[in-house]
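**Q**
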Amino acid sequence: MRDRSPTAFTLLELLVVIAIIAVLAGLMFPAVQSVLERAKKVQAKNDLTQIVTAVNAFYTEYGRYPIDPTITTDAAATYGTSGSPSKALFDELRGITTTFNTRKIVFISPAEDSSQDSPKGKIGKDGQFHDPWTSAYVIRIDADYDNQITPNPYGSSGGAGPDPLRQGAIAWSFGKNGVLGGGAATDTTKFGNEPGSAGTFANSGDVISWQ
Ligand SMILES: [Ca+2]
Numbered sequence: 008m009r010d011r012s013p014t015a016f017t018l019l020e021l022l023v024v025i026a027i028i029a030v031l032a033g034l035m036f037p038a039v040q041s042v043l044e045r046a047k048k049v050q051a052k053n054d055l056t057q058i059v060t061a062v063n064a065f066y067t068e069y070g071r072y073p074i075d076p077t078i079t080t081d082a083a084a085t086y087g088t089s090g091s092p093s094k095a096l097f098d099e100l101r102g103i104t105t106t107f108n109t110r111k112i113v114f115i116s117p118a119e120d121s122s123q124d125s126p127k128g129k130i131g132k133d134g135q136f137h138d139p140w141t142s143a144y145v146i147r148i149d150a151d152y153d154n155q156i157t158p159n160p161y162g163s164s165g166g167a168g169p170d171p172l173r174q175g176a177i178a179w180s181f182g183k184n185g186v187l188g189g190g191a192a193t194d195t196t197k198f199g200n201e202p203g204s205a206g207t208f209a210n211s212g213d214v215i216s217w218q
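Using the numbering used here, the first residue of the sequence shown is number 8, and each one after it goes up by one.
(1) What's the C-alpha gap between Ala82 and Pro37?
(2) Quick test of your reading: Asn200 and Gly185, contact by CB under 8 Å. State the CB separation rounded to the nearest angstrom.
(3) Hey, out of Ser180, Ser41, Thr196 and Gln57, whose CA is closest to Asp138's CA?
(4) Should Leu96 and Ile146 be called a contact, given that it needs their Cβ atoms to be closer than 8 Å?
(5) Express the C-alpha separation of Ile130 and Gly168 in angstroms, rounding to a whole number.
(6) How far does the beta strand (DSSP E) with Ser204 in it extend, from its first residue to its last?
(7) Please list the segments of the beta strand (DSSP E) lying wholly inside the region 165 to 203, counting only runs of 3 or more residues, in order along the chain.
(8) Here's a check: name, in chain order, each residue in its chain whose Cβ is nearer than 7 Å to the Cβ of Lys94, leaving out the five neighbours to either side.
(9) Keeping to the same chain, check which residues put their C-beta closer than 7 Å to that of Ala64; ignore five residues upstream and five downstream.
(10) By DSSP's criteria, Ile215 is part of a beta bridge. Which residues make up the other side?
(11) For Gln155 and Tyr69, what's the separation of their Cα atoms in angstroms?
(12) Taking just the CA atoms, how far does Leu34 sit from Ser12?
(13) Can you tell me where the beta strand (DSSP E) holding Ile148 begins and where it ends?
(14) Give the straight-line distance between the Cα atoms of Phe208 and Thr85, rounded to the nearest whole angstrom.
(15) Determine the burial state of Ser142: buried for a count of at least 16 other Cβ atoms within 10 Å of its Cβ, exposed for fewer.
(16) Determine the extent of the alpha helix (DSSP H) in which Ser41 is found, giving its start and end residues.
(17) Any idea what DSSP makes of Phe97, helix, strand or coil?
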């Protein structure tokens, strides 16, 4: 027998302790995931509010929106994941281009990561503003200047307010599943599933600026 101090751990005791730590870590995992997910939604809501505030501030400054004047429907003035790329819009709002922003005012200045195409919560290489799950934020603007947004992307029964919406600009994020509304992710290698059903706001993980 080796000479052992009576206070030393045996291998078995150490293994039991390691096993207990592993079980506790496993129990903690879902709770940690849900806290991280909630933090992402808070960040998305904050970004969306900043985007809408920037578009409205542009309108106040110039009496028009920073979009191609030949666009005459709100549906056509949709930018981001489910519309035209949002680069030109953000270039104007960031004071980088001066087609409409003639006084080169900086209305929004998000963090930037030009090393990635779709960074989380930043402006990417593609010039678009991406949500914390990497999809580009979607923005719809009142291009026909009737002081409402037509259509509400979730329709009138999707749990996301009336259709049309009494707003000058709206912005939204597809959330964790990368698609409008809840349900399964289109690309499970990049995204996770959400409760609820596709195209419907209720119970989904989507984040919207107007509610
Ligand atoms: Ca979604």
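We put the CB at the ideal spot given by N, CA and C, even for glycine.
**A** From the atom records:
(1) In the sequence shown, counting from the first residue as 1, residue 82 sits at position 75. In the sequence shown, counting from the first residue as 1, residue 37 sits at position 30. Cα-Cα distance, rounded: 39 Å.
(2) Position 193 of the sequence shown holds residue 200. Position 178 of the sequence shown holds residue 185. Actually they do not touch by this definition, with Cβ atoms about 10 Å apart.
(3) Locating residue 138 in the sequence shown gives position 131, where the first residue counts as 1. The shortest C-alpha to C-alpha distance from Asp138 to any of Ser180, Ser41, Thr196 and Gln57 is the one to Ser180.
(4) As a working note, residue 96 is residue 89 in the sequence shown. As a working note, residue 146 is residue 139 in the sequence shown. Closer than 8 Å, so yes.
(5) Taking the first residue of the sequence shown as position 1, residue 168 is located at position 161. Taking the first residue of the sequence shown as position 1, residue 130 is located at position 123. For Gly168 and Ile130, the gap between their C-alpha atoms comes out near 29 Å.
(6) Taking the first residue of the sequence shown as 1, we reach residue 204 at position 197. Glu201 to Ala205 is the extent of the beta strand (DSSP E) around Ser204.
(7) Runs found: 176 to 180 and 188 to 190.
(8) For the purposes of this step, residue 94 is identified with residue 87 of the sequence shown, where counting begins at 1. Closer than 7 Å at Cβ, skipping near neighbours: Asp133, Gly134 and Gln135.
(9) On the sequence shown, position 57 is the one that residue 64 refers to. Cβ neighbours of Ala64 beyond the five flanking positions: Phe114.
(10) Taking the sequence shown and counting its residues from 1, one reaches residue 215 at position 208. Answer is Trp179, bridged to Ile215.
(11) Locating residue 155 in the sequence shown gives position 148, counting from the first residue. Locating residue 69 in the sequence shown gives position 62, counting from the first residue. Answer to the nearest angstrom: the Cα atoms are 19 Å apart.
(12) Start at 1 with the first residue of the sequence shown, and residue 12 comes out as number 5. Start at 1 with the first residue of the sequence shown, and residue 34 comes out as number 27. The alpha-carbon atoms of Ser12 and Leu34 are separated by roughly 35 Å.
(13) Stepping through the sequence shown from its first residue, residue 148 is reached at position 141. That run of the beta strand (DSSP E) goes Val145 to Ile148.
(14) Locating residue 208 in the sequence shown gives position 201, counting from the first residue. Locating residue 85 in the sequence shown gives position 78, counting from the first residue. Our two residues, Phe208 and Thr85, have alpha carbons roughly 18 Å apart in a direct line.
(15) In the sequence shown, the residue the question calls residue 142 occupies position 135. Label assigned to Ser142: buried.
(16) Locating residue 41 in the sequence shown gives position 34, counting from the first residue. Segment Leu18 to Tyr69, the alpha helix (DSSP H) holding Ser41.
(17) The residue given as residue 97 occupies position 90 in the sequence shown. For Phe97, the secondary structure class from DSSP, reduced to helix, strand or coil, is helix.
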